[in-house]
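Chains as they are written, first to last, in the working numbering: chain A, 16 to 332; chain B, 316 to 687.
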């Protein structure tokens with residue numbers, strides 16, 4: 016028995032060696048990659064099938080996709096202004112939600128990591144995790160109760176003698192719902208990045224005369240870059256592909272691309288058009304993330320090599 | 316002496332005679348076994364029948380009028396699947412195409428959507444249902460051969476309104492939908508279903524122009540868009556009326572009636588331009604085991620029976636396809652519950668084949684206007 020191997024682990028180790036001999040140890044990493052590769056392969060296969068569907072037009076005599084290859088569905092997307100408007104609206108929402116979410120998540124995550132009060136930390140953690148127990152649909156309906164025309168907000172405003180406001184079933188309402196939904200994701204991705212920054216660096220900055228804003232700008236933000244890039248990418252892509260919030264909070268007039276895809280597949284029974292929109296959404300998401308990674312760096316995908324030094328050589332110290 | 320040809324002919328005849336005789340004998344001997352087996356197959360009861368249905372008053376009425384009676388008579392439980400009709404359709408289509416057993420036994424569907432499934436060839440033939448000849452002609456699907464589906468009742472997309480918002484009496488025209496006084500307080504279905512022909516007339520067009528020239532309808536939808544309508548599905552209308560969020564809506568009479576029965580001060584009317592009359596139906600997807608198709612057909616027969624139609628359709632407040640039944644007391648004389656030729660004259664009927672071919676385009680057009 017190898018030194019350090021417990022009696023209980025002996026038979027297990029023996030079985031492991033039979034299944035995966037020592038000479039294959041160098042390939043263990045590849046073996047561990049296998050589930051991820053299988054998942055990606057499955058996704059790619061389904062994407063290829065969706066791509067194939069997008070190249071066939073619906074035959075309304077049989078309500079099946081025709082045999083002939085055609086770019087007609089993409090032509091429809093290009094010719095109908097509604098699809099361009101929906102794509103533009105979705106992109107705009109993704110940018111706005113990402114910016115607002117990051118602006119709110121950064122101080123939240125920073126306070127959660129740096130606070131000396133365990134009570135405050137617990138409160139922030141509970142506030143962060145509680146929404147995870149509620150699905151997006153429940154949260155959206157919660158907003159309907161609060162922001163509805165006869166909802167809590169307007170009841171309060173009216174009781175104070177102020178005019179009521181229409182936030183529900185509007186683009187603004189959708190943005191509010193999305194920011195609230197995305198905030199925990201962003202905080203969870205930012206918190207490890209702030210934890211990895213030694214507090215001494217912030218103290219050093221301030222002892223050298225750096226004002227709080229200068230410390231944030233020149234020390235905290237650059238060092239937390241893996242966190243905020245990852246948070247930004249996650250929030251952006253989740254918003255880009257969101258369905259429930261515009262469906263429930265949008266009142267039917269503020270569809271995102273995912274809602275248009277749903278309509279294509281289910282309302283119009285046109286799998287070809289729905290598939291073409293799906294391919295467009297995938298391309299937009301991939302392109303934007305590629306641009307972000309190229310321009311700013313890989314974010315959380317880049318490891319923190321040592322204190323304060325990221326793998327793209329962006330060391331501010 | 317016999318020629319070879321004669322021998323061959325005689326031998327062949329003998330052999331043919333033997334085969335015929337043997338087959339007949341085998342048939343006679345096997346008949347009781349086959350009949351017994353076939354009978355057993357047909358009578359082999361499944362544990363449950365799954366019926367896709369709409370929620371709220373829709374499924375409640377189906378349960379009270381049809382499902383409970385079916386279970387009582389057969390001992391087979393009925394499960395109602397409330398998956399949205401648009402969502403179940405591609406699932407059934409995929410299941411049939413892939414040779415899988417479909418997720419439901421009976422699809423309670425709009426006639427237009429059911430016709431699309433029939434055109435795709437995924438529906439069982441219902442021509443052998445008992446009592447089809449006793450139903451109104453409306454029960455038979457138009458634009459296709461046979462009975463790939465059966466229509467079960469008709470309904471009207473009425474102008475529903477909140478009583479408080481109209482103290483001087485009901486609105487008499489669809490123009491109220493574009494009245495700035497009700498800005499942000501009007502509602503239609505999110506794809507405009509049920510409102511396209513009404514908008515065509517209210518916009519100054521004619522029924523005869525449908526589907527070739529619907530500019531009048533789209534112009535009316537543009538004006539409606541400016542009035543910031545809410546767009547939703549059946550349950551949304553009840554919620555919006557309940558929360559006082561809308562004053563007028565184009566919705567199916569059943570939704571408005573259910574809201575009223577729940578104590579919400581809502582009424583409805585058929586405006587002077589008319590209102591769309593449509594039908595729903597039931598169909599059975601292909602790919603089910605034979606015995607389950609048998610019992611699914613028995614379920615539809617229960618839905619079309621006099622008792623089933625009376626209770627089910629009265630619950631929904633809709634005219635059944637079986638003649639001679641008693642209308643609900645609260646709807647006697649209501650033009651939205653058409654029973655006379657005069658009632659029908661006030662309503663707009665778009666032929667199903669036209670809807671099947673063009674309704675998707677109308678949905679897309681309304682979507683284009685509303686997302687602007």
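Cβ atoms here follow ideal geometry from the backbone N, Cα and C, with glycine treated the same way.
Bear in mind the structure is a predicted one, so any value in this text is a computation, not a measurement.
### Query
Less than 8 Å separating the beta-carbons of residue 578/B and residue 661/B?
In the second chain, residue 578/B corresponds to position 263, counting from 1. In the second chain, residue 661/B corresponds to position 346, counting from 1. No, the Cβ-Cβ distance between residue 578/B and residue 661/B is not below 8 Å.
### Task
Could you tell me which uninterrupted alpha helix (DSSP H) segments, each at least 4 residues in length, are contained entirely in the segment 100-182 of chain A, listed from first to last along the chain?
133-148, 151-162, 167-174
### Task
Could you have a look at residue 222/A and say whether DSSP puts it in helix, strand or coil?
Translated into positions along the first chain, residue 222/A becomes position 207. In the structure shown, residue 222/A sits in a helix (DSSP, three-state: H, G or I).
### Query
Roughly how many whole angstroms lie between the Cα atoms of residue 663/B and residue 432/B?
Here residue 663/B corresponds to residue number 348 of the second chain, with the count starting at 1. Here residue 432/B corresponds to residue number 117 of the second chain, with the count starting at 1. So the two alpha carbons sit approximately 24 Å from each other.
### Query
Should residue 34/A go down as buried or exposed, given a rule of 16 or more other Cβ atoms within 10 Å for buried?
Here the question's residue 34/A lines up with position 19 in the first chain. It is exposed - the Cβ of residue 34/A has fewer than 16 other Cβ atoms within 10 Å.
### Query
Contact check, residue 573/B vs residue 371/B under 8 Å by CB: the rounded distance?
Taking the second chain and counting its residues from 1, one reaches residue 573/B at position 258. Taking the second chain and counting its residues from 1, one reaches residue 371/B at position 56. So it is a contact: roughly 6 Å between Cβ atoms.
### Task
Could you name the residues of chain B that residue 184/A contacts, counting a contact when the two beta carbons are closer than 9 Å?
Counted from its first residue, the first chain places residue 184/A at position 169. Within 9 Å Cβ-Cβ: 499, 543, 545, 546, 560.
### Message
I want to know whether the segment 550-563 of chain B touches the segment 490-507 of chain B - three or more CB-CB distances under 8 Å.
### Response
yes
### Message
If contact is defined by three or more beta carbon pairs under 8 Å, each pair taking one atom from either stretch, is the segment 417-430 of chain B in contact with the segment 588-605 of chain B?
### Response
yes
### Query
Count the other CB atoms within 10 Å of the CB of residue 373/B; is the residue buried (16 or more) or exposed (fewer)?
The residue given as residue 373/B occupies position 58 in the second chain. Residue 373/B comes out buried.
### Message
Looking at the secondary structure, which residues open and close the alpha helix (DSSP H) in which residue 389/B lies?
### Response
Position 74 of the second chain, counting from 1, holds the residue named residue 389/B. Where residue 389/B is concerned, the enclosing alpha helix (DSSP H) stretches over 383-389.
### Query
What residues from the segment 279-291 of chain A come within 8 Å of chain B, judged by C-beta to C-beta, listed N to C?
280, 281, 282, 283, 284, 285, 286
### Query
By the criterion of Cβ-Cβ separation under 9 Å, what are the contact partners of residue 687/B in chain A?
Here residue 687/B refers to the residue found at position 372 of the second chain. By Cβ distance, chain A contributes 96, 97, 100, 268.
#### Entry: Same chain, Cβ closer than 7 Å to residue 457/B, neighbours up to 5 away in sequence not counted
Numbered from 1 along the second chain, position 142 holds the residue referred to as residue 457/B. Same-chain partners within the cutoff: 666, 667, 668.
### Task
Put residue 350/B into one of helix, strand or coil per three-state DSSP.
Residue mapping note: residue 350/B aligns to position 35 of the second chain, counting from 1. Because residue 350/B carries a pLDDT of 43, less than 50, the predicted location of this residue cannot be relied on, and the following value inherits that uncertainty. It is helical.
### Message
Counting only Cβ pairs nearer than 7 Å, list the residues of chain A close to residue 506/B.
### Response
Residue 506/B sits at position 191 when you count from the first residue of the second chain. 282, listed in chain order.
### Task
Starting from residue 408/B, follow the alpha helix (DSSP H) in both directions and report where the run begins and ends.
Taking the first residue of the second chain as position 1, residue 408/B is located at position 93. Taken as a continuous stretch (DSSP letters only), the alpha helix (DSSP H) holding residue 408/B covers 400-412.
### Task
State whether the segment 71-79 of chain A contacts the segment 149-167 of chain A, with contact taken as three or more CB pairs (one from each stretch) at a distance under 8 Å.
no
### Buried or exposed (CB count within 10 angstroms, at least 16 for buried), residue 116/A
Locating residue 116/A in the first chain gives position 101, counting from the first residue. Its Cβ being crowded by 16 or more others within 10 Å, residue 116/A is buried.
### Message
Measuring straight from C-alpha to C-alpha, what distance separates residue 610/B and residue 53/A?
### Response
Residue 610/B sits at position 295 when you count from the first residue of the second chain. Residue 53/A sits at position 38 when you count from the first residue of the first chain. If I take the Cα positions, the gap works out to 43 Å.
### Query
If you run the structure through DSSP and keep just helix, strand and coil, what is residue 612/B?
The sequence position of residue 612/B within the second chain is 297, counting from 1. Three-state DSSP puts residue 612/B in a helix.
#### Entry: Beta carbon proximity, residue 163/A to chain B, threshold 8 Å
Within the first chain, the letter at position 148 stands for residue 163/A. Yes, residue 163/A lies at the interface with chain B (some Cβ there is under 8 Å from its Cβ).
### Task
Would you mind giving the Cβ-Cβ distance between residue 249/A and residue 307/A, rounded to the nearest angstrom? I have them listed as a contact below 8 Å.
As a position in the first chain, residue 249/A is number 234, starting the count at 1. As a position in the first chain, residue 307/A is number 292, starting the count at 1. With 8 Å as the limit, residue 249/A and residue 307/A do not qualify as a contact, their Cβ atoms being about 11 Å apart.
### Message
DSSP has residue 565/B in a bridge; who is on the other side?
### Response
Position 250 of the second chain holds residue 565/B. In DSSP, residue 565/B forms a bridge with 474/B.
### Query
With respect to the alpha helix (DSSP H) encompassing residue 242/A, which residues constitute its N-terminal and C-terminal limits?
Stepping through the first chain from its first residue, residue 242/A is reached at position 227. Looking at the DSSP string, the run of the alpha helix (DSSP H) that includes residue 242/A is 240-255.
### Task
Please determine if the segment 376-387 of chain B and the segment 619-626 of chain B are in contact, where contact requires at least 3 C-beta pairs separated by less than 8 Å.
yes
### Query
What does residue 405/B reach in chain A if we use C-beta pairs closer than 9 Å?
Here residue 405/B corresponds to residue number 90 of the second chain, with the count starting at 1. Those within 9 Å of residue 405/B in chain A are 280, 281, 284, 286.
### Query
When we look at the beta-carbon of residue 124/A and count the other beta-carbons within 10 Å, is it buried (16 or more) or exposed?
Your numbering for residue 124/A matches position 109 in the first chain. Looking at its Cβ environment, which holds 16 or more other Cβ atoms inside 10 Å, residue 124/A is buried.
### Query
Are residue 189/A and residue 264/A close, meaning C-beta to C-beta below 8 Å?
As a working mapping, residue 189/A is identified with position 174 in the first chain. As a working mapping, residue 264/A is identified with position 249 in the first chain. Yes; because the gap between Cβ atoms is below 8 Å, this pair is in contact.
### Query
Under a CB-based cut-off of 8 Å, is residue 466/B close to chain A?
Within the second chain, numbered from 1, the residue matching residue 466/B stands at position 151. So, not an interface residue.
### Query
Name the residues in the segment 179-204 of chain A whose C-beta lies less than 7 Å from a C-beta of chain B; which are they?
181, 184
### Query
Between the segment 71-86 of chain A and chain B, which residues of the former have a C-beta closer than 9 Å to a C-beta of the latter?
73, 75, 76, 77, 78, 79
### Task
May I ask you to list the residues that DSSP assigns as paired with residue 656/B?
Walking along the second chain from the start, residue 656/B turns up at place 341. BP columns for residue 656/B are empty, so no partner.
### Task
May I ask you to list, following chain order, the residues of the segment 408-437 of chain B that have a beta carbon less than 7 Å from some beta carbon of chain A?
431, 434, 435
### Message
According to DSSP, is residue 482/B part of a helix, a strand, or is it coil?
### Response
Position 167 of the second chain, counted from the start, is the residue given in the question as residue 482/B. Here residue 482/B sits in coil by DSSP.
### Message
Check whether the segment 226-240 of chain A and the segment 275-287 of chain A touch, using three or more Cβ-Cβ pairs below 8 Å as the test.
### Response
no
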